[in-house]
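Protein chains in written order, with UniProt numbering: chain F, 1 to 338; chain E, 1 to 338.
Have a look at the structure below before the remarks.
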DNA sequence: CTGAAAGCGCTTACAG
DNA sequence: CTGAAAGCGCTTACAG
């Protein structure tokens with residue numbers, strides 16, 4: 001039961017393939033009679049145009065690739081990146097693109113090649129990619145947009161959150177509610193976002209006359225829940241000795257992990273220790289107590305990336321660069337809301 | 001800077017397109033000299049075969065589509081389905097398939113058509129799909145595998161968890177640690193999994209001589225965290241009045257939501273109320289207290305679906321149906337571990 | 001061992 | 001308004 005082709009339709013409708021094609025595409029003239037007959041046959045045979053053949057001639061696949069660099073699971077279900085992927089999925093569907101989702105554990109060229117061979121119309125790169133991979137893709141001539149990346153290569157179009165401003169928001173909030181000594185858990189500093197968040201946080205505290213002492217900062221190897229828990233447990237002594245009354249972590253997962261450890265020690269949150277994270281992953285609002293955090297607009301990141309890429313693909317003259325996204329503070333139970 | 005084609009390679013290497021094609025595919029004869037020269041040119045020009053053209057002639061795209069029926073966000077980042085998607089992504093890459101991820105809010109034919117037009121080699125359907133969509137896809141002749149579905153249509157190959165057995169495990173555990181009166185939060189019963197989990201749970205308790213009374217069961221409209229929280233708060237009176245000492249919910253999100261409400265009321269868990277969920281989403285282990293649950297093997301669901309689909313695509317004579325997956329109990333803090 | 005030819009399913013000028 | 005022809009970039013028999 002092979003799927004019918006345009007040829008089959010043409011024969012049954014008693015016209016040529018050209019005519020069928022014109023009627024389907026709606027461009028070019030066609031007589032009402034021909035149109036009716038062709039449409040009828042299409043309906044009857046449940047004909048679906050073959051997108052592969054179309055792509056072949058039009059040199060447009062209407063496919064975009066999402067390259068997510070992740071060394072470990074989760075990938076698409078990652079609490080933060082997953083939200084960006086979801087936004088991409090929805091916006092892409094709206095603009096009639098299908099999306100390939102790929103990951104690359106070891107940042108080889110493999111996944112890039114995968115996409116290049118499939119001749120995707122464009123690529124969305126999430127998370128930080130190595131410079132050589134970016135060069136490789138650039139060299140291939142496929143349009144791409146980088147989301148939440150950490151490369152500051154000139155010319156690369158990327159959508160990022162204003163992390164430094166976000167770091168300041170976290171500091172401002174904790175300062176306002178009166179915290180003098182804040183313990184800081186900083187994610188991997190090679191990551192632009194973790195670095196900027198820490199920087200903004202420190203800058204605000206500095207300006208407020210309550211600089212973050214070196215003894216109050218701990219650097220995490222990864223940015224996971226487990227790492228946050230581990231790190232808090234390892235440095236629980238200094239944390240208490242320093243009479244800290246709050247914890248700021250450069251992302252929610254670290255904050256949540258640290259918070260779980262504190263709760264297990266019987267620490268009352270926010271009474272004995274307030275906690276602030278960054279990202280606003282779904283779990284932040286669900287945790288008990290719910291986590292105060294700085295919300296990154298993942299929806300805009302994802303949908304904006306798709307719209308931008310679409311413009312790039314269609315060679316729109318003036319691509320509206322979305323600029324940097326402004327995050328916003330979301331106050332919850334971990335710093336005393338409600 | 002157009003990408004080179006096989007023709008370009010042929011000209012530069014001084015051979016015919018046929019020869020280049022044979023050398024690339026590795027099938028058919030070719031002289032060492034020709035081979036060296038061609039490979040050299042390929043390397044020099046960074047030639048990548050055009051998968052679209054290949055698909056055109058081979059009638060194989062090496063693409064598979066994942067259709068995830070979700071009315072709302074999250075989609076790929078869904079705590080449970082997202083894990084299946086991740087497993088699919090990894091296994092598909094291993095078997096050299098690219099994967100399209102699509103969702104369909106209103107279960108129209110739109111997303112199915114999308115895939116049909118792209119001529120994917122096969123489809124993986126996640127979550128329950130309407131009968132008519134399945135018929136539609138079947139009619140199109142594309143091989144597909146259903147994962148965690150709730151359709152019991154004959155002939156449909158689907159991979160599911162043994163939910164009834166899992167429900168029994170939850171009941172057995174709570175019974176063993178001595179709970180007499182258990183409050184049950186049951187997810188939407190039209191969903192096969194929620195229905196079976198409840199059924200298994202009840203059966204075990206019945207056999208143990210401690211049947212679940214009707215007054216102890218509450219049915220949820222959805223299976224989300226918010227619904228679990230809401231439902232628990234709405235029925236907190238009866239919960240206490242009935243002197244229940246434990247809660248079983250047919251999935252983790254409902255359990256977690258209920259648990260958050262209980263914690264906010266000052267309930268000590270597990271001392272005053274033990275809680276058991278189902279699925280083992282990542283949050284389950286992270287929550288404080290961590291949630292005892294029945295772990296569904298999402299990794300096997302996803303990877304198994306891909307392997308199965310691959311066999312179907314390649315027309316393997318005897319497709320090894322993976323059968324139903326056995327879940328396992330994971331005991332954590334919410335029922336007293338550690 | 002190699003090349004010319006046909007064909008995969010479409011679209012797009014170009015004649016008529 | 002319509003059809004024949006060429007072509008998108010490959011692969012695959014088929015001659016030689």
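Quick reminder that beta carbons are idealized off the backbone N, C-alpha and C, glycines included.
Spatial neighbours of residue i in its chain, beta-carbon cut-off 7 Å, leaving aside the 5 residues before and after
i, result
"residue 22 of chain E", "28, 30"
"residue 172 of chain E", "204"
"residue 282 of chain F", "79"
Cross-strand partners of residue i (DSSP beta bridge)
i, result
"residue 80 of chain E", "According to DSSP, residue 80 of chain E bridges with nothing at all."
"residue 144 of chain F", "F/123"
"residue 328 of chain F", "F/295"
"residue 63 of chain E", "E/98"
"residue 103 of chain F", "F/68"
Contact belief for residue i with residue j at Cβ below 8 Å, rounded distance in angstroms
i, j, result
"residue 85 of chain E", "residue 66 of chain E", "6 Å"
"residue 194 of chain E", "residue 223 of chain E", "7 Å"
"residue 197 of chain E", "residue 167 of chain E", "4 Å"
"residue 68 of chain E", "residue 81 of chain E", "6 Å"
"residue 288 of chain F", "residue 288 of chain E", "7 Å"
"residue 76 of chain F", "residue 284 of chain E", "Not quite, the Cβ-Cβ distance comes to about 19 Å (not below 8 Å), so this is no contact."
"residue 89 of chain E", "residue 310 of chain E", "With 8 Å as the limit, residue 89 of chain E and residue 310 of chain E do not qualify as a contact, their Cβ atoms being about 14 Å apart."
"residue 45 of chain E", "residue 8 of chain E", "7 Å"
Proximal residues to residue i (C-beta, below 8 Å), its chain only, five neighbours per side dropped
i, result
"residue 299 of chain E", "83, 87"
"residue 120 of chain F", "61, 63, 64, 65, 100, 142"
"residue 1 of chain E", "Because the pLDDT of residue 1 of chain E is 47, which lies under 50, any placement of that residue in the model is unreliable, and the number read from its coordinates should be weighed accordingly. There are no such residues."
"residue 189 of chain F", "195, 198, 219"
"residue 50 of chain F", "3, 5"
Contact set for residue i: own chain, Cβ-Cβ below 6 Å, skip 5 residues either direction
i, result
"residue 337 of chain E", "331"
"residue 305 of chain E", "124, 145, 147, 159"
"residue 14 of chain E", "none"
"residue 270 of chain E", "334, 335, 336"
"residue 324 of chain F", "160, 162"
"residue 348 of chain F", "With chain F covering only 1 through 338, there is no way to say anything about residue 348 of chain F."
"residue 157 of chain E", "145"
"residue 297 of chain E", "325"
"residue 12 of chain F", "41"
"residue 208 of chain E", "175"
"residue 294 of chain F", "166, 169, 170, 278, 327, 329"
"residue 164 of chain E", "196, 199, 200"
"residue 261 of chain E", "229, 232, 233"
"residue 91 of chain F", "303, 306"
"residue 98 of chain F", "63"
"residue 292 of chain F", "276, 331, 332, 334, 335"
"residue 127 of chain F", "69"
Residue i: CB within 8 Å of a non-hydrogen atom of the ligand GDP
i, result
"residue 295 of chain E", "As for the ligand GDP, it is missing from this structure, which has no ligand bound."
Legend entry - Cβ contact (3+ pairs, closer than 8 Å) linking the stretch 226 to 237 of chain E and the stretch 53 to 64 of chain E: Under the three-pair Cβ rule at 8 Å, the stretch 226 to 237 of chain E does not count as touching the stretch 53 to 64 of chain E.
Legend entry - the stretch 88 to 103 of chain E / the stretch 175 to 184 of chain E touching (three or more Cβ pairs under 8 Å): Because the criterion of three Cβ pairs below 8 Å is not met, the stretch 88 to 103 of chain E and the stretch 175 to 184 of chain E do not touch.
Legend entry - Cβ contact (3+ pairs, closer than 8 Å) linking the stretch 128 to 145 of chain F and the stretch 253 to 267 of chain F: No: the two stretches stay apart, fewer than three of their Cβ pairs being nearer than 8 Å.
Legend entry - alpha helix (DSSP H) segments (min. 4 residues) lying fully within the UniProt domain "HTH lacI-type" (4 to 58) of chain F: For the UniProt domain "HTH lacI-type" (4 to 58) of chain F, the continuous alpha helix (DSSP H) assignments of 4+ residues that do not extend past its boundaries occur at 6 to 13, 17 to 25, 32 to 45, 51 to 58, in sequence order.
Legend entry - Three-pair Cβ contact test at 8 Å for the stretch 272 to 281 of chain F versus the stretch 238 to 255 of chain F: A contact is defined here as three or more CB-CB pairs under 8 Å, and the stretch 272 to 281 of chain F meets this definition with respect to the stretch 238 to 255 of chain F.
Inset, instruction - Just list the alpha helix (DSSP H) runs in the stretch 234 to 306 of chain E, keeping only unbroken ones of 4 residues or longer that don't cross its boundaries, in chain order. - result: Within the stretch 234 to 306 of chain E, complete alpha helix (DSSP H) segments of at least 4 residues are found at 236 to 241, 252 to 264, 282 to 286, given in chain order.
Legend entry - Whole alpha helix (DSSP H) elements within the stretch 148 to 227 of chain F, 4-residue minimum: Entirely contained in the stretch 148 to 227 of chain F, the alpha helix (DSSP H) runs reaching 4 residues are, in chain order, 163 to 176, 192 to 207.
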